[in-house]
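J.: Quick one: structure below, then a few questions.
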Amino acid sequence: MTYLLRRLAVFPLVLIGVSIVVFVAIRMVPGDSITAMLGTEAGLLTPQQRDALAAYFGIDQPWFVQYGRWLLGLVQGNLGISPTYGKPVLDVILERFPLTLELALLSMMIALVVGMPAGVFAATRNERLSDLGVRIAAMIGQSTPNFVLALLIIYTLSAGFGVLPAMGEFSPLWQDPLRNLGQLILPAITLGFAFAASVTRISRSAMLDVLSDDYVRTARSKGASARSVIWRHALPNALIPVVTLSGIEFGYLLGGAVIVEQIYALPGIGRLVLDAILQRDYALVQGCVLFIAFNFMIVNLLVDLAYVALDPRIRLGER
Amino acid sequence: MVQHLTRKLLSGMTLAAMLGIAAVPLQASAATLHMAWSQDATGLDPHKQTAFSSLRLLELIYEPLVRVDANLQIVPAIAESWQFSADGKELSFKLNPKAKFQNGAAVTSADVKASFERILDEKTGAAARANFLSIASIDTPDPATVVFHLSQPDVPILTAMSDVNAAIVPASEITAGSVGTKAVGSGPFKLDKWDPNAKEVLSANRDWAGGATGVDGIEISVLPDETAILAALRTKQIDFALLNDPLVATLVPKEASLQLNRVPVLAYHVLQLNPSRKPMTELKVRQAISCAIDRQEVLDTASLGEGKVTGPLTIPSLATDPSQLFCYKRDVEKAKKLMAEAGFADGFSATVIGATGEPPTAAAEAQVIQSQLAEIGVKLDIKMMELNVYVDAWLKGDFDMAVALNGGRADPYTMYNRYWTKSGNLQKVANYIDDTLDSQMQQGRAETDPAKRKAIFAEFEKHLAEVSPWIWLYTSYSYTAQQKNVAGFVPTPTGTLFSLSKVTIQQ
Amino acid sequence: MRTLRAIFAHTSGRIGGFIVGLYLLLAVLGLLGLTPHDPLMQYRIDRLHAPSGTYWMGTDLFGRDVASRLMMGIGQSFIVAFFSVAFAALAGTVLGLAAAWFGRRWDGIVMRIMDVLLAFPAILLALLIVAVAGPGTSTSIVAIAIVYTPIFTRVVRGPALSLKAREFVDAARTFGSSSSYILTRHLLLNLVAPLTVQVTLALAWALLTEAGLSFLGLGKQPPAASLGLMLSDSRNLMETAPWLMIFPGIAIMISILGFNLLGDALRDIFDPKMRRAIA
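Chains as they are written, first to last, in numbering that gives the first Met the number 0: chain A, 0 to 318; chain B, 0 to 506; chain C, 0 to 278.
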């Protein structure tokens, strides 16, 4: 319990660090909200016009004043207003987040459903031909950049078969589950491909480890069947690294998959941040990064807790 | 027979009633046009937005006083007629009595006055203000008449007024300060929903003074990857799309069900030299660069030949034959000679900047130019930057050379006064001016006789190509792709999608 | 030497080692300019030429030889990957050791900073860095190095902490060795194994990240080639000239495969039990 509190106590500290880094970094990038809106036409503005626009975008003060203002808002639970979307930043993020969450969950499901059985199977056939096959497939999976995969999938489906999941307007799960699933399945496969490969590899090696452990050997010598040894004794222990890996990977996916969202035209968190950076929507960049960092830390905490729950031998606080 | 028909009609009506549909005669117009583009609009304030996509969206919602058609001729929009006084210092408009805003109010001269006063107010931050500085005062003798009093003869102002940046917005919205948060225009479509960077939903404005639209609405999706747009066209998910990259656009005609519309646009691809930086300060060095570049080859490689080599004037009615301009035929020997005369026989090093993906051909153009200039000893370093970073450097004039795609206007004065006049707002970017250019521009501004104007600007173009502050390369096409059952779209050199208002979808 | 022999005895080590060796050879040849054609030469009459006897892997939009550019690209990508991982490993080792050695307060500070870096999504962090510093080889190196530093810090800190607690360090201390001697000799020796493995795997990741950055137009500047840039340039030509995507795509996959295989082998060789610790 104290461990949990201690971990949670670090959260604000890290988030403040993240927010300062983003705040300063994004303002150091040349160009601002005005050039983002007007492009080269910004050169036609008179100094007075520039000032008026700077005041409109809230970038007329030095950065520390802006930061203070932003921090004050944050304390009151207000992340500011996004000039691009004309809405509170949190509203914009929460509109996009369900998609990112769903995509991350789907990819993880694909990864686990494919990866774990494949890994366990390969482990039980250690060094045989089928093991080698699984391992090579997993290696290739891990070595494919996801944007190459995404482009190949789109091209093959549309040019070769004349089909494509509905692009463009995205339907949330609660409105049209079928269409929603149709839209997300390919991106999920794209992201889940390498993910599944990692899961395969990690579950295979974890399984091999456990199978060579003393207690498994004991169970075997006591005459337990091979199947029961694998599923009852070995698997629960082999789960630990799989959970850790999937958790961390899931945490990354919650930060949005910029490139895959870009190619499949999905309005998720990744594209939201990228567009916000390109459009110099400072409040939105700030809010998004904070939101992503927060999620990431929560997921990591949960992973650590799950780790403990699965393996009673580990005491908290050691990591 | 009659009975049969009545019964059929009745049952049809019952069905419609059951489904909650009003009994509208079933026509081809009962359709929504699904459209896609890769970059979304950036805002809804017609006076402030300058991004290509923003203008294309806002042109469907708002109307200026006048419009330019596919031949770049001025045609009525909110105004049904207009007239310059003999001295060119008074411009009066008669408004279309049927013109109505989407909030139901009629468009009056008071709205016109309020809109232009808003543009001229520095607090608004309207970039287009620079085009209207000659407006001294605005009179509204009656609700349907507006008179602009100009401080000096200004013929190009009429063309500037055809831009959606000079759109008429309701005076009430200006007072309420809600221009830009709500879109209330007088154009063919109403904006029902806008989810930035994702989609727009437009519905037909039944009260539009221009008549009925051909479709009930338009749904625009943002598909950031153009390969994905092509895929969506192939699978018939979208009816109509805007394409930027010639590499993708040229694949469209290979599909039997698709049609590619392309039209030469006014925007020009250019290599901007910075004549305030050594050694581009030397006329001969700039001319050498001009002679060393094979414009056709840049076009053939970077844009797969999709376009036309151009001089400074891109407006078809004014442009001259580019082969008559200075060094438009590549001449490496002459270039080397000029370099030697300027004292740079061994060449020099410089950096060329470009914006990533803006235009999509920028990196390719830079690379071809780099290899061409290497032949006269000019060693170029290429720096591709994110668009905003590029714009920042560009506006500060902080570059040796820049590859750019600069926008064109239907009038050469509006197009170039920012660069090639002494008081031009972008003199600090152009960094070159001489008396000849300045006086030619002023003459062209005041001249009302089309033939004389053409002669003035032809001289201007010839001189500009000779002093070579920039190397004009080529104009490309604006591309739209559509399913073959979409009828009635007319592409124009300004890139406007306004004719979507008359487009129909055949069943 | 013993390790090398062990790698050779290990099946995936042998394959991985062979692939990495081959790539190193290609990279060096590419960087030295010993390519079939000049990778920057634009043979403009042969633009978008399909693979043939003259151009083994075809030519690109400018008529440049893809095979030569691929060699150059492997060289450039490897430079980015090697330097970024080297910096990350160095910084991570120093920070991790400092955190473990100098007690709670240091540990707290260092690890919180690492938490801040880790909490950023990797591609976003790299994106911000590139946006601030402008794209190019050195920026890519710094960006990728910063992204991976926390991982190395963690890899080093864990074992360092437990080693510090172990008796042999205490023993050394009582025998009067200076503390810097203890650090270098005992700790580093025991860290070589996990570091080597992590470095090999990180190289694979760095190659992928470089490709991702280039895909977003934030990496190597033209006309130089990198695997990622070649891939990203090919995307709108995928249908017109598929070879522009196929060859760099395969090249990048195999290079990552090579590093992964080698990393696996090293892991097996150093300690079969370590699998769990590194996962």
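Each residue gets a CB set at the ideal place from its N, CA and C atoms; glycine is no exception. Note that the coordinates shown come from a computational prediction; the quantities given were computed from them, not determined experimentally.
Could you have a look at Arg216 of chain A and say whether DSSP puts it in helix, strand or coil?
T.: Walking along the first sequence from the start, residue 216 of chain A turns up at place 217. Residue state, collapsed to three classes: helix.
J.: Report buried or exposed for Gly342 of chain B, applying the criterion of at least 16 other Cβ atoms within 10 angstroms of its Cβ.
T.: One-based indexing of the second sequence puts residue 342 of chain B at position 343. The residue in question, Gly342 of chain B, is exposed, as its Cβ has fewer than 16 Cβ neighbours within 10 Å.
J.: Compare the C-beta of Val367 of chain B against all C-beta atoms of chain C and say whether one is closer than 8 Å.
T.: Counting from 1 along the second sequence, the entry for residue 367 of chain B is found at position 368. Interface residue, yes.
J.: Counting C-beta neighbours from all protein chains within 10 Å, is the total for Trp173 of chain A 16 or more, i.e. buried, or is it exposed?
T.: Position 174 of the first sequence, counted from the start, is the residue given in the question as residue 173 of chain A. It counts as exposed.
J.: Roughly how many whole angstroms lie between the Cα atoms of Arg203 of chain A and Ala121 of chain A?
T.: Start at 1 with the first residue of the first sequence, and residue 203 of chain A comes out as number 204. Start at 1 with the first residue of the first sequence, and residue 121 of chain A comes out as number 122. Rounded to whole angstroms, Arg203 of chain A to Ala121 of chain A spans 6 Å at the Cα level.
J.: Specify the secondary structure class of Ala50 of chain B as computed by DSSP and reduced to three states.
T.: The residue given as residue 50 of chain B occupies position 51 in the second sequence. Of the three classes helix, strand and coil, the one that applies to Ala50 of chain B here is coil, per DSSP.
J.: Touching or not, the stretch 44 to 57 of chain B and the stretch 153 to 170 of chain B, by the rule of three or more beta carbon pairs under 8 Å?
T.: yes
J.: Rounded to a whole number of angstroms, what is the C-alpha to C-alpha distance between Val259 of chain A and Leu190 of chain A?
T.: Taking the first residue of the first sequence as 1, we reach residue 259 of chain A at position 260. Taking the first residue of the first sequence as 1, we reach residue 190 of chain A at position 191. C-alpha separation (whole angstroms): 8 Å.
J.: For Leu69 of chain C and Thr155 of chain A, what's the separation of their Cα atoms in angstroms?
T.: Along the third sequence, one-based indexing puts residue 69 of chain C at 70. Along the first sequence, one-based indexing puts residue 155 of chain A at 156. Between Leu69 of chain C and Thr155 of chain A, the C-alpha separation is close to 25 Å.
J.: Given a limit of 8 Å on CB to CB distance, which residues of the stretch 144 to 158 of chain A reach chain C?
T.: Pro144, Phe146, Val147, Leu150, Tyr154, Ala158
J.: Whole angstroms is fine: what's the gap from Ser245 of chain A's alpha carbon to Gly216 of chain C's?
T.: Indexing the first sequence from 1 puts residue 245 of chain A at position 246. Indexing the third sequence from 1 puts residue 216 of chain C at position 217. Cα to Cα, Ser245 of chain A sits roughly 30 Å from Gly216 of chain C.
J.: Compare the Cα-Cα distances from Gln41 of chain C to each of B:Leu436, B:Leu372, B:Gln441, B:Gln442 and report the closest residue.
T.: One-based indexing of the third sequence puts residue 41 of chain C at position 42. Measuring from the Cα of Gln41 of chain C, the nearest candidate turns out to be B:Leu372.
J.: Could you compute how far the alpha carbon of Leu21 of chain C sits from the alpha carbon of Gln481 of chain B?
T.: Taking the third sequence and counting its residues from 1, one reaches residue 21 of chain C at position 22. Taking the second sequence and counting its residues from 1, one reaches residue 481 of chain B at position 482. One C-alpha to the other measures close to 48 Å.
J.: Can you tell which of B:Phe92, B:Gly209, B:Ala182, B:Ala457 has the C-alpha that lies nearest to the C-alpha of Leu201 of chain B?
T.: Residue mapping note: residue 201 of chain B aligns to position 202 of the second sequence, counting from 1. That would be B:Ala182, whose Cα lies nearest to the Cα of Leu201 of chain B.
J.: Which runs of the alpha helix (DSSP H) fall wholly inside the stretch 33 to 60 of chain A and span at least 4 residues, in chain order?
T.: 46 to 56
J.: With DSSP collapsed to three states, give me the class of Gln141 of chain A.
T.: Within the first sequence, numbered from 1, the residue matching residue 141 of chain A stands at position 142. Reduced to three states, the DSSP call for Gln141 of chain A is helix.
J.: How long is the line joining the alpha carbons of Tyr147 of chain C and Phe290 of chain A, rounded to whole angstroms?
T.: Within the third sequence, the letter at position 148 stands for residue 147 of chain C. Within the first sequence, the letter at position 291 stands for residue 290 of chain A. Each residue's alpha carbon lies about 21 Å from the other.
J.: Within the stretch 60 to 122 of chain C, note down every full alpha helix (DSSP H) run reaching 4 residues or more, in order along the chain.
T.: 65 to 100, 102 to 118
J.: Starting from Phe147 of chain B, follow the beta strand (DSSP E) in both directions and report where the run begins and ends.
T.: Counting from one through the second sequence, the residue named residue 147 of chain B turns up at place 148. Residues 144 to 149.
J.: Excluding the 5 residues flanking Arg117 of chain B on each side, which residues of the same chain have their C-beta closer than 7 Å to its C-beta?
T.: Locating residue 117 of chain B in the second sequence gives position 118, where the first residue counts as 1. Result list for Arg117 of chain B: His46, Thr123, Ile173, in chain order.
J.: Can you find at least 3 beta carbon pairs, one from the stretch 55 to 70 of chain C and one from the stretch 22 to 31 of chain C, that sit closer than 8 Å?
T.: yes
J.: Where does the unbroken alpha helix (DSSP H) through Tyr281 of chain A begin, and where does it stop?
T.: For the purposes of this step, residue 281 of chain A is identified with residue 282 of the first sequence, where counting begins at 1. Unbroken alpha helix (DSSP H) run through Tyr281 of chain A: 281 to 309.
J.: So that I know if they touch, is there some Cβ in chain C lying closer than 8 Å to that of Gly356 of chain B?
T.: Counting from 1 along the second sequence, the entry for residue 356 of chain B is found at position 357. Answer yes: the Cβ-Cβ gap between Gly356 of chain B and chain C drops below 8 Å somewhere.
J.: Pro263 of chain B and Pro492 of chain B: beta carbons closer than 8 Å?
T.: Numbered from 1 along the second sequence, position 264 holds the residue referred to as residue 263 of chain B. Numbered from 1 along the second sequence, position 493 holds the residue referred to as residue 492 of chain B. Pairing Pro263 of chain B with Pro492 of chain B gives a Cβ-Cβ distance under 8 Å.
J.: Is Pro63 of chain B helix, strand or coil when you go by DSSP?
T.: Counting from one through the second sequence, the residue named residue 63 of chain B turns up at place 64. In this structure, Pro63 of chain B counts as coil in the three-state DSSP scheme.
J.: Quick check on Gln141 of chain A - is its C-beta less than 8 Å from some C-beta in chain C?
T.: Mapped onto the first sequence, residue 141 of chain A falls at position 142. A Cβ of chain C is located within less than 8 Å of the beta carbon of Gln141 of chain A.
J.: Mark Phe246 of chain C as exposed unless 16 or more other C-beta atoms lie within 10 angstroms of its C-beta, in which case mark it buried.
T.: The residue labelled residue 246 of chain C in the question sits at position 247 within the third sequence. Buried, since its Cβ has 16 or more Cβ neighbours within 10 Å.
J.: Give the interface partners of Tyr2 of chain A over in chain C, defined as CB-CB distance under 9 Å, in chain order.
T.: Within the first sequence, the letter at position 3 stands for residue 2 of chain A. Those do not exist, as Tyr2 of chain A stays about 15 Å from chain C at its closest Cβ, beyond 9 Å.
J.: Using only alpha-carbon positions, find the residue among B:Gln369, B:Asp191, B:Ala248, B:Ala197 that is nearest to Ala203 of chain B.
T.: Numbered from 1 along the second sequence, position 204 holds the residue referred to as residue 203 of chain B. Out of B:Gln369, B:Asp191, B:Ala248, B:Ala197, B:Asp191 has the C-alpha closest to the C-alpha of Ala203 of chain B.
J.: With DSSP collapsed to three states, give me the class of Ile432 of chain B.
T.: Here the question's residue 432 of chain B lines up with position 433 in the second sequence. Looking at Ile432 of chain B - three-state DSSP - the assignment turns out to be coil, as it is neither helix nor strand.
J.: Go ahead and pull the three-state DSSP assignment for Thr479 of chain B.
T.: Working through the second sequence from its first residue, we reach residue 479 of chain B at position 480. Of the three classes helix, strand and coil, the one that applies to Thr479 of chain B here is strand, per DSSP.
J.: Would you kindly work out how many angstroms separate the C-alpha atoms of Val502 of chain B and Glu58 of chain B, rounded to a whole number?
T.: The count along the second sequence starts at 1 and reaches residue 502 of chain B at position 503. The count along the second sequence starts at 1 and reaches residue 58 of chain B at position 59. So the alpha carbons of these two residues sit roughly 15 Å apart.
J.: Counting Cβ pairs closer than 8 Å, one from the stretch 327 to 347 of chain B and one from the stretch 485 to 499 of chain B, do we hit at least three?
T.: no
J.: Quick check on Gly353 of chain B - is its C-beta less than 8 Å from some C-beta in chain A?
T.: Residue mapping note: residue 353 of chain B aligns to position 354 of the second sequence, counting from 1. Judged by the 8 Å Cβ criterion, Gly353 of chain B is not in contact with chain A.
J.: Taking DSSP as the reference, what is the three-state secondary structure of Asn387 of chain B?
T.: For this step, residue 387 of chain B is matched to residue 388 along the second sequence. In the structure shown, Asn387 of chain B sits in a helix (DSSP, three-state: H, G or I).
J.: Helix, strand or coil: how does DSSP classify Asp448 of chain B here?
T.: Residue mapping note: residue 448 of chain B aligns to position 449 of the second sequence, counting from 1. Asp448 of chain B falls in the coil class under three-state DSSP.
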